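Participant:
In the numbering used here, the protein residues as written are 71 to 876.
1. How is residue 876 classed by DSSP in three states: helix, strand or coil?
2. Please classify residue 258 as buried or exposed, where buried requires at least 16 other C-beta atoms within 10 Å of its C-beta.
3. Would you decide whether residue 171 is buried or exposed? Buried here means 16 or more other CB atoms lie within 10 Å of its CB.
4. Can you tell me where the beta strand (DSSP E) holding residue 688 begins and where it ends?
5. Is the Cβ-Cβ distance between residue 755 and residue 615 less than 9 Å?
6. Identify whether residue 191 lies in helix, strand or coil by the three-state DSSP scheme.
7. Do you know whose CA, among 643, 868, 210, lies nearest residue 297's CA?
8. Is it the case that the Cβ atoms of residue 317 and residue 326 are separated by a distance below 9 Å?
9. Using C-beta distances below 7 Å, list every residue in its chain close to residue 200, excluding the 5 sequence neighbours before and after it, in chain order.
10. First and last residue of the alpha helix (DSSP H) that includes residue 73?
11. Rounded to whole angstroms, what is the Cα-Cα separation between residue 183 and residue 174?
12. Kindly give me the distance between the Cβ atoms of residue 528 and residue 722, rounded to whole angstroms, as I take these residues to be in contact under 8 Å.
13. Which residue wins for smallest C-alpha separation from residue 715, given the options 145, 481, 496?
14. Between residue 444 and the rest of its own chain, which residues show a CB-CB distance below 7 Å, the 5 nearest in sequence each way excluded?
15. What is the rounded straight-line gap between the Cα of residue 548 and the Cα of residue 844?
16. For the beta strand (DSSP E) containing residue 123, list its first residue and its last residue.
17. Excluding five sequence neighbours on each side, which residues of the same chain lie with their C-beta closer than 6 Å to the C-beta of residue 691?
18. Run through DSSP, which three-state label would residue 756 get?
19. What separation, rounded to the nearest whole angstrom, lies between the Cα atoms of residue 361 and residue 232?
20. Give the range of the beta strand (DSSP E) segment to which residue 219 is assigned.
21. Candidates 235, 425, 522: which alpha carbon is nearest residue 97's?
22. Could you please give me the residues that DSSP links to residue 608 through a beta bridge?
23. Count Cβ pairs between the segment 719 to 735 and the segment 776 to 792 that sit closer than 8 Å; are there 3 or more?
24. Buried or exposed, going by whether 16 or more other CB atoms sit within 10 Å of the CB of residue 876?
25. Could you check what DSSP says for residue 185 in three-state terms: helix, strand or coil?
26. Could you name the residues that DSSP lists as bridge partners for residue 822?
27. By how many angstroms is the C-alpha of residue 149 removed from the C-alpha of residue 94?
28. Is residue 90 buried or exposed, if buried means 16 or more other CB atoms sit within 10 Å of its CB?
29. Residues in its own chain within less than 8 Å of residue 340 by CB, not counting five upstream and five downstream?
30. Decide if the segment 216 to 225 is in contact with the segment 357 to 371; the criterion is three or more beta carbon pairs, one per stretch, under 8 Å apart.
31. Classify residue 576 as helix, strand or coil using the three-state DSSP reduction.
32. Can you say whether residue 253 is buried or exposed, counting buried as having 16 or more other CB atoms within 10 angstroms of its CB?
33. Give the single residue among 809, 492, 75 whose Cα lies nearest to the Cα of residue 772.
34. With a threshold of 8 Å (Cβ to nearest heavy atom), would residue 374 be considered close to the ligand HEM?
35. Check each candidate in 650, 221, 101 and name the one with the smallest Cα separation from residue 141.
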């Protein structure tokens, strides 16, 4: 195989790139390797597609505004089972595969957990034999690239497509017209209307094959790129109006230019809505076209297609599918609603009110007038049905309405998705319970049984076998080679929790991973860290509810204690942060600034620099996570209880043996149930206690007075100890915290501080620490994307999936 791979690589280098080995640059070798690997994928991809059509199997259509794919070469080679031969082939050609793999850009198509989950699920569907298409947007720049200048976040464009994307296939023949604005006019047929858009753009398809484990099946990620109907106005150009000549093109292409445009302005809000409708409409037109071509009717759409909405971004699918069925295919309302409701299901990812999207009715009427008509009609029928079915009961219809009349008339997209779906799932046991009790309680009361739970999962192929090969080899030695085909076999490791020889091997593997990370930390931040120290890691989107602020304030308390009591035997610790703040989220950006300012002071203090280091790694992405997670000793999962839907980072860390310090929030609860309360460090309020504290908040002065160390920390931050050139830089941050401790940073501080001291004592007993680490790895195989996909397939999609070894 090695000789054939060498020939394939050289053929791609010569005939696809026009380069000879003598002049080829590292990026040329990377592209040649990708194209050679892609050929192997295509064989499986085309066979899977043919089989799906031949059997008429039900197919899943996964609609997501994000797909955080990351780098693909190593993952693809591992899934195909040719990573070793490819590395040897490259080596014999004078190229080191691990070195060129690192120059592959991350596919910058997502922001965080939502997009990474979508990527894990696409791979898991291919690995479990579930036919699927993922639908999203092919962003030219994706989420911004983060740079840290003077401790502050600076956003610069992400140029992941600067060398094109060798994994994708442009499908120019697959394009759909997407309309905006205009008016709805009546036709000559009674009751029939027709939408005449004022503006039309093209959605052009780009397909990427996603290969499953062992190369058994492959599915498709289809991303849409926006193109103008008329890319150039010759009249304007010939008149010297060079800007006006391309105005239509620029306006159209802005739709797929950047992930999550700043929506703090009316123009930004409109662009965000245009993005959501653009990809939703293109995806539904595409799947309806495909279905009708294959089956000749739309009556059986629910039996042959399952549309999964990944959060509310594609919630317009409910109105758009109704529009297509009624306006384009002439179905009566009742039939169209039966099909729509039977086909669509919705995954909710947040209980945060600000994250449950709403759109002004006025904007929707201007941009999508036909859809607004349909939403009003759905709402009227839904409320009438509720009135009839709950006659005599005290139902507040304003709470379940699709239209919020209290805040300037807005469309509640979560309510639209809920009413238009046959199943609505949360992503952890706690989250699903809170959905029933809080944000969706009124809808749950009138539509009982619609809410179900599917706890999130991660793909072990990337997050264990790919990211941590040393640990994987050890696990195969202990648990058997069938581990890679059935991750549940990892539980065999639990028989060896007390094996000191195993602990030594694990410690050596962790040290190697920490050395790799230490090299990157030095390269990216200039900070030298000790690989024997405890690596304490919090990597995730920067948000107040995720409480990076709590972490850095407690770090200051630790720093103060180390200086006050230098004689104590402090456990050397490296505090590692990474994550991006939304460009318009001032508080989150201030927290990043504070972390970097604290890092500067701590890392330059000779009294603590051998015992405490603080690091903020810039431009966090999937590739960075693959390096950081295997090196972590402590996993910070410290969100305000009741606010993190599930999390997936917590699962990745625990599977790789990190010990979780966290609240009883999201999937932390289920991790704790599986690993046992002695093998996870839990602190802080419960979700119920948080709600009670919010209803009757304690005065912040009282909380601070009852919390040792906290007053000094807050005074130092507010007084400019960490920002001497701008003394009041964090005065507003501290004042707002005292005025409204909504995220329980002050209230949970002492509990968190004590939990960190428990971490210190556990780390001091290395035998106990490694028993905890082994237990975490042994019991976290359940958090596999394969398990999650099988639950979706059985409970929601009604699609057969392969068993672990099937």
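Just so it is clear, CB atoms sit at the ideal spot from N, CA and C, and this is done for glycine as well. Fair warning: this is a prediction, and the values are worked out from it, not measured in the lab.
Facilitator: Reading it off the structure:
1. Confidence at residue 876 is low in this model, with a pLDDT of 44, below 50, so the placement of that residue should be treated as unreliable; the coordinate-derived value is given next. Looking at residue 876 - three-state DSSP - the assignment turns out to be coil, as it is neither helix nor strand.
2. exposed
3. buried
4. Where residue 688 is concerned, there is no enclosing beta strand (DSSP E), given that its DSSP letter is neither H nor E.
5. no
6. helix
7. 210
8. no
9. 130, 859, 863, 869, 871
10. 72 to 81
11. 21 Å
12. 6 Å
13. 496
14. 389, 392, 393
15. 12 Å
16. No beta strand (DSSP E) holds residue 123; the alpha helix (DSSP H) holding it covers 96 to 125.
17. 176
18. coil
19. 35 Å
20. 215 to 219
21. 235
22. 647
23. no
24. Legend: pLDDT at residue 876 = 44, less than 50; position of this residue unreliable, value from coordinates given subsequently. Flag for residue 876 reads exposed.
25. helix
26. Paired residue(s): none; residue 822 is not in a bridge.
27. 27 Å
28. exposed
29. 433, 437
30. no
31. helix
32. exposed
33. 809
34. Judged by which ligands are present, the structure shown has none, so any question about the ligand HEM falls away.
35. 101
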